[in-house]
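Sequences listed follow chains A and B, in order.
So the number in this note's numbering is just where the residue sits in the first sequence, counting from 1, plus 21.
So the number in this note's numbering is just where the residue sits in the second sequence, counting from 1, plus 21.
Every residue, glycine too, gets a C-beta built ideally from N, C-alpha and C.
None of the values given here were measured: they were computed from a predicted structure.
Take a look at the structure below.
Number of protein chains: 2
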Amino acid sequence: MSEFFTVQTPAAAREKLGSLFAPAVKREQIPTSEAVGRVLTESPVSPQDLPDFVRSTVDGFAVQAADTYGATPGLPAFLPLIGEVPMGTEASLSLGMGEAALVHTGGMIPDGADAVVMVENTQQVDQSSIEILKPVAEGENAIQVGEDIRSGTAILPAGHRLRPQDIGGLLALGIVTVEVAVPPTVAIISTGDEVVPPDQPTKPGQVRDINSYTLAALVERAGGRPLLMGIIADQLEALLTAARHAQQNADIVVISAGSSVSYRDMTSEVIVQLGAPGVLVHGLSVRPGKPTIVALCDGVPVIGLPGNPVSAMVIFDLVVMPLIEQFLGASTAAKTRVQARLARNIASVTGREDFVQVQLEERDGQTWAVPVFGKSNLIYTLVNADGVIHVPLDKGGLYEGEWVTVTLHE
Amino acid sequence: MSEFFTVQTPAAAREKLGSLFAPAVKREQIPTSEAVGRVLTESPVSPQDLPDFVRSTVDGFAVQAADTYGATPGLPAFLPLIGEVPMGTEASLSLGMGEAALVHTGGMIPDGADAVVMVENTQQVDQSSIEILKPVAEGENAIQVGEDIRSGTAILPAGHRLRPQDIGGLLALGIVTVEVAVPPTVAIISTGDEVVPPDQPTKPGQVRDINSYTLAALVERAGGRPLLMGIIADQLEALLTAARHAQQNADIVVISAGSSVSYRDMTSEVIVQLGAPGVLVHGLSVRPGKPTIVALCDGVPVIGLPGNPVSAMVIFDLVVMPLIEQFLGASTAAKTRVQARLARNIASVTGREDFVQVQLEERDGQTWAVPVFGKSNLIYTLVNADGVIHVPLDKGGLYEGEWVTVTLHE
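As structure tokens, this is what we get:
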């Protein structure tokens with residue numbers, strides 16, 4: 022029953038893997054309208070000024086600002102009305118000094134005009150003339166050409182995860198397809214003699230598979246495509262066959278094994294047979310999550326996750342999510358991080374990173390992080406948590422009232 | 022060119038609609054494994070204790086704690102080894118005083134044992150006996166029956182939006198289907214003579230449709246199903262036909278019109294013909310977003326959104342998203358809210374709610390909200406923003422350094 026952990030920090034483990042493996046970001050062109058949540062692999066450049074004509078921001082009258090200077094309700098500026106610019110059309114008229122033209126919100130301002138007087142600050146005299154009751158400055162109530170974005174501007178950086186408004190920004194410029202990263206496939210193997218599928222009754226000593234489905238959902242949230250391999254019998258040959266199949270069909274292989282030594286040993290044995298260089302890190306200096314394996318086999322990262330659900334989620338965030346982000350070339354994290362104040366002291370030890378599940382509470386307009394008690398083996402510790410905080414390697418703990426970063430479980 | 026706004030606060034508008042309309046939450050049963058992001062319509066109750074047997078949290082030896090008291094490396098407790106509990110099986114053996122049995126992490130602890138000694142704190146003497154080097158307390162290294170969750174406990178409240186770990190929590194209990202809300206269908210009509218589809222070149226005076234796709238993505242994020250009706254020509258009959266079709270096929274109708282008075286008047290005219298009671302609110306006391314229409318026509322909420330993209334998104338969050346949440350019976354907001362400190366003064370006026378787009382910056386472990394300058398007509402004001410803050414009705418502004426709540430654009 023030998024076990025020699027050469028325990029490493031998560032950062033050192035990621036670095037070790039990173040020094041041997043840099044995934045190529047695969048690219049594909051997809052319709053912009055379907056690209057929410059996807060990661061840009063190039064920085065699209067604006068092909069035009071937006072707007073490409075001077076637009077009014079109000080309903081009112083296009084004028085030359087100088088003609089309105091000094092206008093008041095008592096002493097209005099009288100201007101002849103030379104016409105209207107209908108919405109969606111090019112202004113065919115051209116405005117001279119001392120003239121006004123009817124324009125609409127979002128419509129084009131005619132040549133010669135340099136400002137718009139809001140209709141509320143005018144009075145119609147008759148069909149062909151108006152009075153201006155309040156002066157406007159040059160450029161007032163107008164959006165200039167390129168004021169939204171200029172031709173040739175980089176719109177969004179490569180690595181950006183597209184949000185709803187980004188789709189609008191791209192489509193406004195006529196960019197109807199975008200180049201985005203192909204989501205990496207993440208194979209998930211569950212193993213353990215005690216593990217049965219969720220739809221089956223359990224006998225004493227058995228538990229249902231939790232990790233397959235939780236991990237699959239986390240993979241999707243991170244921008245990957247989960248490939249569920251099912252529960253594999255706890256025999257070397259069966260596990261090796263499944264792992265080989267996973268290695269051939271996925272970009273990342275995750276083996277969620279039981280936490281006992283025999284499982285960990287078997288996961289190592291399987292990994293040895295999947296190809297060089299094999300196991301890079303066996304054991305992380307984190308709690309929970311120590312019994313983690315980080316391996317690279319024939320160009321495919323293979324991660325052995327601890328069996329219990331809290332550890333599995335902590336290590337997913339530390340090791341698997343950054344890998345998915347690398348495959349996507351993503352510069353923004355998939356999970357939201359928020360600042361909060363710690364509601365009570367947390368003890369830790371230096372030389373180990375602790376991850377503590379917390380609930381968030383609002384008190385007096387500030388967010389407080391309240392640690393959730395519960396063993397790391399308990400799925401309901403996670404169900405009751407809103408997020409997780411991190412006690413760094415070099416700290417013996419965190420103090421009540423301290424500011425901490427909470428990574429949200431969403 | 023008459024226009025009489027009876028301006029209301031967003032809260033008053035929601036209340037007015039709410040007093041006349043309460044959507045029935047439609048329910049459906051779906052597989053738990055596919056329910057991430059969906060909203061529970063009932064509170065599932067745990068059908069069993071979890072775990073339903075006493076589990077070991079370590080690899081080691083099940084014992085009676087009393088037999089280990091006082092054990093030290095110098096004076097170990099000697100115990101005969103009566104067998105092993107293999108993973109995934111019921112412990113067939115029963116442990117007596119002065120006996121030990123090999124158990125594995127996650128495995129069952131046999132009858133008669135009340136604690137587990139970690140293998141690291143033992144020494145194997147021979148095949149049939151061990152020495153205990155460190156005492157354990159009663160219950161140590163064991164998860165008791167029901168310690169994760171007890172039979173009969175409400176697992177999650179109705180209205181909860183399911184996260185990855187919730188799926189794990191439900192499946193752990195064998196709950197393989199859940200009752201969730203059917204997403205409401207939100208029809209989106211774009212109109213405006215100046216609006217052309219994104220894949221078409223624009224002539225002077227024309228702009229591409231931004232709102233249809235941004236709104237569709239926002240509807241999906243909020244948990245609804247968008248139904249894009251396309252760009253409808255700016256003629257009463259065409260708009261009425263499209264609106265009637267939308268009303269018959271959707272739970273909510275959103276009309277994204279231009280911002281000019283003629284569009285607003287036409288939207289009102291169309292709404293009048295869609296059924297009673299018709300327009301409830303015409304104009305909200307918010308900036309941006311004043312030219313909003315809230316209507317109820319023959320039991321279907323119809324929302325006239327301002328045409329410019331920033332206003333449209335602000336009003337979506339204030340009016341449409343809460344409606345979608347009502348249809349889902351959701352108790353948790355679809356958008357994440359975080360606390361931040363305001364990076365500079367913001368002026369407002371009392372009697373109006375202001376919504377200001379902000380970028381988030383980390384400084385010294387705190388999050389700061391930096392206002393994004395840009396007119397509300399500019400889509401790139403939104404593209405450059407991480408979220409939005411709210412200046413309440415009764416405030417003349419917000420001060421630099423003040424804590425504010427940022428609703429994230431994600």
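Check whether residue i and residue j have beta carbons under 7 Å apart
| i | j | result |
| --- | --- | --- |
| valine 300(B) | isoleucine 292(B) | yes |
| serine 280(A) | proline 327(A) | yes |
| valine 189(B) | proline 330(A) | In the sequence as presented, valine is not what sits at residue 189(B); that position holds glycine. Going by C-beta atoms, glycine 189(B) is nearer than 7 Å to proline 330(A). |
| threonine 371(B) | glycine 417(B) | yes |
| phenylalanine 82(B) | methionine 129(B) | no |
| valine 282(B) | isoleucine 324(B) | no |
| isoleucine 273(B) | threonine 212(B) | no |
| valine 199(A) | valine 60(A) | no |
| leucine 429(A) | glycine 395(A) | no |
| alanine 86(A) | alanine 158(A) | yes |
| arginine 362(A) | threonine 426(A) | no |
| leucine 183(A) | valine 57(A) | yes |
| aspartate 375(A) | valine 340(A) | no |
| leucine 248(A) | alanine 193(A) | no |
| valine 84(B) | valine 106(B) | no |
| proline 94(A) | leucine 154(A) | yes |
| valine 404(B) | alanine 390(B) | no |
Below-7 Å beta-carbon distance, residue i vs any chain A residue
| i | result |
| --- | --- |
| methionine 139(B) | no |
| threonine 371(B) | no |
| aspartate 407(B) | no |
| isoleucine 292(B) | no |
| alanine 436(B) | This structure cannot speak to residue 436(B), because chain B is shown only from 22 to 431. |
| isoleucine 151(B) | no |
Burial state of residue i (16 or more Cβ within 10 Å)
| i | result |
| --- | --- |
| valine 137(A) | buried |
| arginine 171(B) | exposed |
| serine 149(B) | exposed |
| threonine 262(B) | exposed |
| alanine 45(A) | exposed |
| threonine 235(A) | buried |
| valine 384(B) | What sits at residue 384(B) in the sequence shown is arginine, not valine. By the neighbour-count rule (16 or more Cβ atoms within 10 Å), arginine 384(B) is not buried but exposed. |
| isoleucine 164(A) | buried |
| glycine 195(B) | buried |
| tyrosine 284(A) | buried |
| serine 23(B) | Low confidence applies to serine 23(B): its pLDDT is 36, below 50, so where it sits in the model is not reliable, and the reading given next is rough at best. Its Cβ having fewer than 16 others within 10 Å, serine 23(B) is exposed. |
| proline 225(B) | exposed |
| isoleucine 410(B) | buried |
Any chain B beta carbon closer than 7 Å to residue i
| i | result |
| --- | --- |
| isoleucine 188(A) | yes |
| leucine 192(A) | yes |
| threonine 288(A) | no |
| serine 352(A) | no |
| leucine 399(A) | yes |
| valine 393(A) | no |
| leucine 403(A) | yes |
| histidine 411(A) | no |
| tyrosine 234(A) | yes |
| leucine 239(A) | yes |
| glycine 127(A) | yes |
Chain B residues whose Cβ lies nearer than 9 Å to that of residue i
| i | result |
| --- | --- |
| alanine 278(A) | Result: empty, since nearest Cβ-Cβ is about 10 Å, beyond 9 Å. |
| methionine 342(A) | Chain B residues near methionine 342(A): none, gap ~12 Å exceeds 9 Å. |
Contacts of residue i in chain B (Cβ-Cβ under 8 Å)
| i | result |
| --- | --- |
| glutamate 431(A) | Arg184, Thr357 |
Contact list for residue i against chain B, beta-carbon separation under 7 Å
| i | result |
| --- | --- |
| lysine 311(A) | The premise fails here: lysine 311(A) is roughly 12 Å from chain B at the closest Cβ pair, so nothing lies under 7 Å. |
| isoleucine 231(A) | Gly189, Leu192, Ala193 |
| arginine 242(A) | Pro185 |
Interface partners of residue i on chain A, CB under 9 Å
| i | result |
| --- | --- |
| lysine 396(B) | Thr78, Ile164, Glu168, Asp169 |
| lysine 224(B) | Gly109, Thr110, Glu111 |
| serine 115(B) | Neighbours of serine 115(B) on chain A: none; closest Cβ ~13 Å, over 9 Å. |
Closer than 8 Å at the beta carbon, the chain A residues around residue i
| i | result |
| --- | --- |
| threonine 388(B) | Val359, Gln360 |
| glycine 328(B) | Thr126, Gly127 |
| valine 197(B) | Pro219, Asp220 |
Distance cut-off 6 Å: residue i Cβ against heavy atoms of the ligand MN
| i | result |
| --- | --- |
| glycine 296(B) | The ligand MN is absent from the structure shown, which contains no ligand whatsoever. |
query: Which runs of the beta strand (DSSP E) fall wholly inside the region 75-133 of chain B and span at least 3 residues, in chain order?
result: 81-84, 98-105, 121-124
task: Just list the alpha helix (DSSP H) runs in the region 166-206 of chain B, keeping only unbroken ones of 4 residues or longer that don't cross its boundaries, in chain order.
output: 185-193
- request: Can you check the region 266-303 of chain A for any beta strand (DSSP E) of at least 3 residues that lies completely inside it and give the ranges in chain order?
  value: 273-277, 298-303
- prompt: What are the start and end residues of each continuous alpha helix (DSSP H) run of 4 or more residues lying completely inside the region 311-360 of chain B, in chain order?
  reply: At a cut-off of 4 residues, the continuous stretches assigned as alpha helix (DSSP H) that sit fully inside the region 311-360 of chain B are 330-336, 342-349.
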